[in-house]
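Undergrad: This structure is in structure tokens; I'll ask about it shortly.
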Amino acid sequence: MIAAPMTGQGKTTIATGLMAALGDTGLTVSGHKVGPDYIDPGYHALATGRPGRNLDPHLVGEERVAPLLLHGARGADAAVIEGVMGLHDGRIGTDGFASSAHVAALTRTPVVLVVDVSRMSRSVGALVKGMADFDLAVEVVGVILNKAGSARNVAEITRSVGLPVLGVVPRDERVAGPSRHLGLVPAAEREGSARVVERLGEHVANHVDLEALLEVARSAPPLNTRPWAPAEQVRAPDGNDRPVVAVAGGRTFTFRYSETEELLTAAGCRVVVFDPLTDTALPSGTRGIYLGGGFPEVYAAELAANRSLATELREAVRDGVPTVAECAGSLYLAGSLDGHDMAGAIPAEARMTKRLTLRYPEAVSPGDTLLTRAGERVTGHEFHRTTLTPGFGDHPAWEIDGAPEGFASATLHASYLHTHWAGHPSLPARFAEAVHSAPTTASVSAAAPAMPSPIARTAAPDPKPVVDPLRHHGDVEARGDLLDFAVNVHPGRRPAWLDRALRESLNHSGVYPDAEPARMAVARRHARPPADVLPTAGAAEAFTLIARSRSWRRPVVVHPQFTEPHVALEQAGNTVTTVLCARRDGFALDPAAVPEDADLVVVGNPTNPTGVLHRADALRGLCRPGRLVVVDEAFMDALPGEPESLVGERIEGLVVLRSLTKHWSIPGIRAGYVVGDEAVVRELARVQTPWSVSAPAIAATVACMSDEASAEAERRAEEFQGRRTDLENGLREAGIEFVPSRAPFLLVRVGEGVHARLREQGIAVRRADTFPGLDSTWVRVAVRPTETTRELLAALSR
Numbered sequence: 002m003i004a005a006p007m008t009g010q011g012k013t014t015i016a017t018g019l020m021a022a023l024g025d026t027g028l029t030v031s032g033h034k035v036g037p038d039y040i041d042p043g044y045h046a047l048a049t050g051r052p053g054r055n056l057d058p059h060l061v062g063e064e065r066v067a068p069l070l071l072h073g074a075r076g077a078d079a080a081v082i083e084g085v086m087g088l089h090d091g092r093i094g095t096d097g098f099a100s101s102a103h104v105a106a107l108t109r110t111p112v113v114l115v116v117d118v119s120r121m122s123r124s125v126g127a128l129v130k131g132m133a134d135f136d137l138a139v140e141v142v143g144v145i146l147n148k149a150g151s152a153r154n155v156a157e158i159t160r161s162v163g164l165p166v167l168g169v170v171p172r173d174e175r176v177a178g179p180s181r182h183l184g185l186v187p188a189a190e191r192e193g194s195a196r197v198v199e200r201l202g203e204h205v206a207n208h209v210d211l212e213a214l215l216e217v218a219r220s221a222p223p224l225n226t227r228p229w230a231p232a233e234q235v236r237a238p239d240g241n242d243r244p245v246v247a248v249a250g251g252r253t254f255t256f257r258y259s260e261t262e263e264l265l266t267a268a269g270c271r272v273v274v275f276d277p278l279t280d281t282a283l284p285s286g287t288r289g290i291y292l293g294g295g296f297p298e299v300y301a302a303e304l305a306a307n308r309s310l311a312t313e314l315r316e317a318v319r320d321g322v323p324t325v326a327e328c329a330g331s332l333y334l335a336g337s338l339d340g341h342d343m344a345g346a347i348p349a350e351a352r353m354t355k356r357l358t359l360r361y362p363e364a365v366s367p368g369d370t371l372l373t374r375a376g377e378r379v380t381g382h383e384f385h386r387t388t389l390t391p392g393f394g395d396h397p398a399w400e401i402d403g404a405p406e407g408f409a410s411a412t413l414h415a416s417y418l419h420t421h422w423a424g425h426p427s428l429p430a431r432f433a434e435a436v437h438s439a440p441t442t443a444s445v446s447a448a449a450p451a452m453p454s455p456i457a458r459t460a461a462p463d464p465k466p467v468v469d470p471l472r473h474h475g476d477v478e479a480r481g482d483l484l485d486f487a488v489n490v491h492p493g494r495r496p497a498w499l500d501r502a503l504r505e506s507l508n509h510s511g512v513y514p515d516a517e518p519a520r521m522a523v524a525r526r527h528a529r530p531p532a533d534v535l536p537t538a539g540a541a542e543a544f545t546l547i548a549r550s551r552s553w554r555r556p557v558v559v560h561p562q563f564t565e566p567h568v569a570l571e572q573a574g575n576t577v578t579t580v581l582c583a584r585r586d587g588f589a590l591d592p593a594a595v596p597e598d599a600d601l602v603v604v605g606n607p608t609n610p611t612g613v614l615h616r617a618d619a620l621r622g623l624c625r626p627g628r629l630v631v632v633d634e635a636f637m638d639a640l641p642g643e644p645e646s647l648v649g650e651r652i653e654g655l656v657v658l659r660s661l662t663k664h665w666s667i668p669g670i671r672a673g674y675v676v677g678d679e680a681v682v683r684e685l686a687r688v689q690t691p692w693s694v695s696a697p698a699i700a701a702t703v704a705c706m707s708d709e710a711s712a713e714a715e716r717r718a719e720e721f722q723g724r725r726t727d728l729e730n731g732l733r734e735a736g737i738e739f740v741p742s743r744a745p746f747l748l749v750r751v752g753e754g755v756h757a758r759l760r761e762q763g764i765a766v767r768r769a770d771t772f773p774g775l776d777s778t779w780v781r782v783a784v785r786p787t788e789t790t791r792e793l794l795a796a797l798s799r
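The number in our numbering is simply the position in the sequence shown, starting from 1, with 1 added.
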């Protein structure tokens, strides 16, 4: 256990860093936190790759603490427990109940004290001795000196401490955690959290004796108890029915215990996490809703803007879908929060206050509810700076210290009180029972028929004749009241964090833009030196810079391919050599087809419009002295795991282009970048017009390089993959030829004249005869949600 004499000594920094450092040695580590805190376990999870766990005798009972430790540490080589407050500080009036010392005694865990020595010398010895001798049931075995200063002072402190000094950690502001009104910013909200944890691991590894700490850990005696098991606490009903419980997540709702989902799963439910900031509907088939804690007050405007989800949530609660809301969940169900409209499912208004509510109470159920029976007692905690007016309805959820609190019924339980369901397994058991008995609400259950009836859409004539095929763009085909399969822009809403970054960028519109933050963000994202990165006004500017950077002798563009690089080269006065990928080869690149004397080769990967993903080794094989190879990876972020990408490789004469337009639904914000050979990047920068990258494009680039964006990009990529499979299966069943794709679009051979006939039915697809190497029998079809895809397939069948 990593504990301390008092709050503010650096427990979280040292404990999280220790977890990461031990993990870097190859050990499997489990992270645990004394007390009810949700935020620190989020950082523990990043450091260990496993769920962060809480150990709290008040919430779960003394008898469950050791079993929960064993459950969380199952399969791990070492368990690190972060203490809470000072070592002996527990629930007020209980002589240290639920303190770090109490948990250390219950789990027979040796304790290492972290002491901030920035303002002390020999007094550290007196402090440590007092802590070690105060309770002989707690074994304090060593000390880590944090925020250490001079070597002389460290030596003085070391002589005064009667215990082994296991580490001397200097101050490092780079590993400080940002905080706000309820403490640290949760890991899920903080950009670069993974990198911060990585730095913590490096910091601790450099200044703490890891082997000595492992010896301390090995000294812990065995625990003579069985691991806690969720399946022993609740029972799943017979049969294969696994109803969906929609659990709020994302940056707004980060507060829930891992055991909550484990208990629901063991009770036969299927937990599906949704993000109220970005998801416009509850998960398909929802029969139960769990809204945990978090910071809705920070994201109130974004939550209010997502009206479709808020409306569906209100109707689901009113329709009797079993719903549990704790603290932040109750705020989301309220009529408003600080003036922003919320779901309106409970008759109360919420607002921020200056007063912190922090208590560790027992609560009594005043009547039978979704979760409880009259007279039942539970333990819980509250921690918030908001208030609900009124604070309870006709049927309150709890009585706490004799006062009613919350809203409850046979299908709803909403309250400020957080409970740990491992300590009160009857709560998840009753919730799961209600979920199993509940019908799926009409608003979230509709399963579309295999082939929907035609939807009346306005027919549209073909756009004006194509004058210059290389300059043709799909957006001209999708104008008007047409179902758009022509434009390769993600059809969903922009993430709230991106919208927020774009809005905030307007605050900087009074000064000339500085692209350096975008350069640094891209460099961090791809683990490249900043000198290898050049932010651009989209890929379009990058193609223009490449065309103007040299007098090319024989530039080559591999086709069929996005035509913009071809246009840029011709505009710069170059004669372009076209290398065609053959249909008989599945439009795959044959490196031998590229002329040996080509000094510039441009190729897309995955390629627009074919969707073909070329092998990375084939692209590397194009590189040679005196040649620049440009790989356009505009759609690479739409592929799960970004296979075959060269963005992380440092190869002489190779640059990779990326665009943020498609995946993040911002075609009006020209944002992109070049990554590659430092000498080439420097060359391109010399011909770039000053301040060509706007403030919104810079803000978008920074936002889209965050850890949060990476996770969202991967989720979207997996979503695209599933939708593309649905489209491919439908085409295959209809006997329609297509090119197997790895991109968010398909090249489909529908036959002569079908492009125009689809427009007559109100559906726009991208004509493909403007791409070199293709004729008018081909169209490019963007991947869309399955319901929309069914309309296209129905039209093709007609």
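Using N, Cα and C, we set each Cβ at its ideal position, and we do this for glycine too.
Since we're looking at a predicted model, the values are computed, not measured.
Just how far apart, CA to CA, sit residue 627 and residue 550?
TA: Within the sequence shown, residue 627 is the residue found at index 626, counting from 1. Within the sequence shown, residue 550 is the residue found at index 549, counting from 1. Approximately 14 Å between the Cα atoms of the pair.
Undergrad: Please list the segments of the alpha helix (DSSP H) lying wholly inside the stretch 24-79, counting only runs of 4 or more residues, in order along the chain.
TA: For the stretch 24-79, whole alpha helix (DSSP H) runs of length 4 or above, ordered along the chain, are 40-49, 58-61, 63-73.
Undergrad: What residue range is occupied by the uninterrupted beta strand (DSSP E) comprising residue 692?
TA: Residue mapping note: residue 692 aligns to position 691 of the sequence shown, counting from 1. Segment: none, residue 692 is in no beta strand (DSSP E) and carries neither H nor E.
Undergrad: Measure the alpha-carbon distance for residue 652 versus residue 624 and round it to whole angstroms.
TA: For this step, residue 652 is matched to residue 651 along the sequence shown. For this step, residue 624 is matched to residue 623 along the sequence shown. Their backbone Cα atoms lie some 8 Å apart in a straight line.
Undergrad: Give the DSSP-derived three-state secondary structure of residue 229 in the structure shown.
TA: Within the sequence shown, the letter at position 228 stands for residue 229. The answer is coil: DSSP assigns residue 229 none of H, G, I, E or B.
Undergrad: Hey, how far is the Cα of residue 567 from the Cα of residue 772?
TA: Counting from 1 along the sequence shown, the entry for residue 567 is found at position 566. Counting from 1 along the sequence shown, the entry for residue 772 is found at position 771. Going from the Cα of residue 567 to the Cα of residue 772 covers about 11 Å.
Undergrad: Taking 7 Å as the cut-off, is the C-beta of residue 199 nearer than that to any heavy atom in the ligand FAD?
TA: Looking for the ligand FAD in the displayed structure turns up nothing, as the structure carries no ligands at all.
Undergrad: I'd like the span of the beta strand (DSSP E) that includes residue 405, first residue to last.
TA: Position 404 of the sequence shown holds residue 405. Note, residue 405: beta strand (DSSP E), 404-406.
Undergrad: Leaving aside the five residues before and after residue 78 along the sequence, list all residues of the same chain whose C-beta is less than 6 Å from its C-beta, in chain order.
TA: Taking the sequence shown and counting its residues from 1, one reaches residue 78 at position 77. Here the set comprises 28, 29.
Undergrad: Just to confirm the assignment: which complete beta strand (DSSP E) runs, minimum length 3, are found wholly within the stretch 738-762?
TA: Counting whole runs of 3 or more residues, the stretch 738-762 contains the beta strand (DSSP E) stretches 738-740, 746-750.
Undergrad: With distances taken between CB atoms, is the gap from residue 268 to residue 227 smaller than 8 Å?
TA: Taking the sequence shown and counting its residues from 1, the one referred to as residue 268 is at position 267. Taking the sequence shown and counting its residues from 1, the one referred to as residue 227 is at position 226. No, they are not a contact pair.
Undergrad: Residue 688: buried (16+ other C-beta within 10 angstroms of its C-beta) or exposed?
TA: Position 687 of the sequence shown, counting from 1, holds the residue named residue 688. So residue 688 counts as exposed.
Undergrad: What does the alpha-carbon distance come out to for the pair residue 324 and residue 439?
TA: Along the sequence shown, read from residue 1 onward, the residue named residue 324 stands at position 323. Along the sequence shown, read from residue 1 onward, the residue named residue 439 stands at position 438. If I take the Cα positions, the gap works out to 11 Å.
Undergrad: Do residue 17 and residue 45 count as a contact pair if the criterion is CB distance below 8 Å?
TA: The sequence position of residue 45 within the sequence shown is 44, counting from 1. The sequence position of residue 17 within the sequence shown is 16, counting from 1. Contact: yes.
Undergrad: Please state whether the Cβ-Cβ distance between residue 398 and residue 339 is less than 8 Å.
TA: One-based indexing of the sequence shown puts residue 398 at position 397. One-based indexing of the sequence shown puts residue 339 at position 338. In this structure, residue 339 does not lie closer than 8 Å to residue 398 by Cβ.
Undergrad: Could you check where the beta strand (DSSP E) with residue 291 kicks off and where it finishes?
TA: Residue numbering aside, residue 291 sits at position 290 when the sequence shown is read from its first letter. Start and end: 287-292.
Undergrad: Short check: CB of residue 746 to CB of residue 780, under 8 Å?
TA: The residue labelled residue 746 in the question sits at position 745 within the sequence shown. The residue labelled residue 780 in the question sits at position 779 within the sequence shown. For residue 746 and residue 780, no; Cβs fall outside 8 Å.
Undergrad: Are the CB atoms of residue 85 and residue 101 nearer to each other than 8 Å?
TA: For the purposes of this step, residue 85 is identified with residue 84 of the sequence shown, where counting begins at 1. For the purposes of this step, residue 101 is identified with residue 100 of the sequence shown, where counting begins at 1. Cβ atoms of residue 85 and residue 101: closer than 8 Å.
Undergrad: Quick one: Cα of residue 158 to Cα of residue 125, how far?
TA: For this step, residue 158 is matched to residue 157 along the sequence shown. For this step, residue 125 is matched to residue 124 along the sequence shown. If you take the alpha carbons of residue 158 and residue 125, they lie about 6 Å apart.
Undergrad: If you check the beta carbons only, do residue 535 and residue 661 fall under 8 Å apart?
TA: Looking up residue 535 in the sequence shown gives position 534. Looking up residue 661 in the sequence shown gives position 660. Against a cut-off of 8 Å, the Cβ pair of residue 661 and residue 535 comes out as no contact.
Undergrad: By the DSSP assignment, the alpha helix (DSSP H) with residue 331 in it spans what residues?
TA: Numbered from 1 along the sequence shown, position 330 holds the residue referred to as residue 331. Segment 329-334, the alpha helix (DSSP H) holding residue 331.
Undergrad: Buried or exposed: residue 793, going by 16 or more other Cβ atoms within 10 Å of its Cβ?
TA: Position 792 of the sequence shown holds residue 793. The residue in question, residue 793, is buried, as its Cβ has 16 or more Cβ neighbours within 10 Å.
Undergrad: Residue 583: which of 740, 727, 494 sits nearest, CA to CA?
TA: Start at 1 with the first residue of the sequence shown, and residue 583 comes out as number 582. Nearest C-alpha to residue 583: 740.
Undergrad: Let me know the secondary structure DSSP gives residue 320 once reduced to three states.
TA: As a first step, residue 320 must be located in the sequence shown, where it is residue number 319. Coil.
Undergrad: Just grab the DSSP bridge partners of residue 117 for me.
TA: The sequence position of residue 117 within the sequence shown is 116, counting from 1. The partner list for residue 117 (beta bridge, DSSP) reads 147.
Undergrad: Quick check on this structure: which residue in 266, 219, 314, 231 has the alpha carbon closest to the alpha carbon of residue 249?
TA: Reading the sequence shown from its first residue, position 248 is the one you call residue 249. Checking every option, the nearest Cα to that of residue 249 belongs to 314.
Undergrad: Tell me the rounded alpha-carbon separation between residue 365 and residue 316.
TA: The count along the sequence shown starts at 1 and reaches residue 365 at position 364. The count along the sequence shown starts at 1 and reaches residue 316 at position 315. Those two C-alpha atoms are separated by around 29 Å.
Undergrad: Whole angstroms are fine: how far does the CA of residue 208 sit from the CA of residue 528?
TA: By 1-based counting over the sequence shown, the position of residue 528 is 527. By 1-based counting over the sequence shown, the position of residue 208 is 207. Residue 528 and residue 208: Cα-Cα distance of roughly 25 Å.
Undergrad: Three or more beta-carbon pairs under 8 Å between the stretch 495-507 and the stretch 633-649, yes or no?
TA: No, the stretch 495-507 does not touch the stretch 633-649.
Undergrad: How many Å lie between residue 620 and residue 485 at the Cα?
TA: Taking the first residue of the sequence shown as 1, we reach residue 620 at position 619. Taking the first residue of the sequence shown as 1, we reach residue 485 at position 484. Spanning the two alpha carbons is a distance of roughly 33 Å.
Undergrad: Distance check for residue 60 and residue 447, CA to CA, integer angstroms please.
TA: Within the sequence shown, numbered from 1, the residue matching residue 447 stands at position 446. Within the sequence shown, numbered from 1, the residue matching residue 60 stands at position 59. Summary for residue 447: the model assigns pLDDT 35, below 50, so the residue's position carries little reliability; its value from the coordinates is reported in the next sentence. Cα-Cα distance, rounded: 40 Å.
Undergrad: Can you check which of these residues, 704, 335, 155, is closest to residue 123 by C-alpha distance?
TA: Sequence index remark: in the sequence shown, residue 123 carries index 122 (1-based). It is 155 whose Cα lies nearest to the Cα of residue 123.
Undergrad: Have a look at residue 564 and residue 471 and give me their C-alpha separation to the nearest angstrom.
TA: Here the question's residue 564 lines up with position 563 in the sequence shown. Here the question's residue 471 lines up with position 470 in the sequence shown. Going from the Cα of residue 564 to the Cα of residue 471 covers about 5 Å.
Undergrad: Between which residues of its own chain and residue 332 is the CB-CB distance below 8 Å, once the five residues before and five after are set aside?
TA: As a working note, residue 332 is residue 331 in the sequence shown. Taken in chain order, the residues that qualify are 297, 298, 338, 343, 351, 387, 389.
Undergrad: Once DSSP output is grouped into helix, strand and coil, what is the label at residue 772?
TA: Mapped onto the sequence shown, residue 772 falls at position 771. The answer is coil: DSSP assigns residue 772 none of H, G, I, E or B.
Undergrad: Which residues mark the beginning and the end of the alpha helix (DSSP H) in which residue 566 is found?
TA: Along the sequence shown, read from residue 1 onward, the residue named residue 566 stands at position 565. From DSSP, the alpha helix (DSSP H) with residue 566 extends over 565-572.
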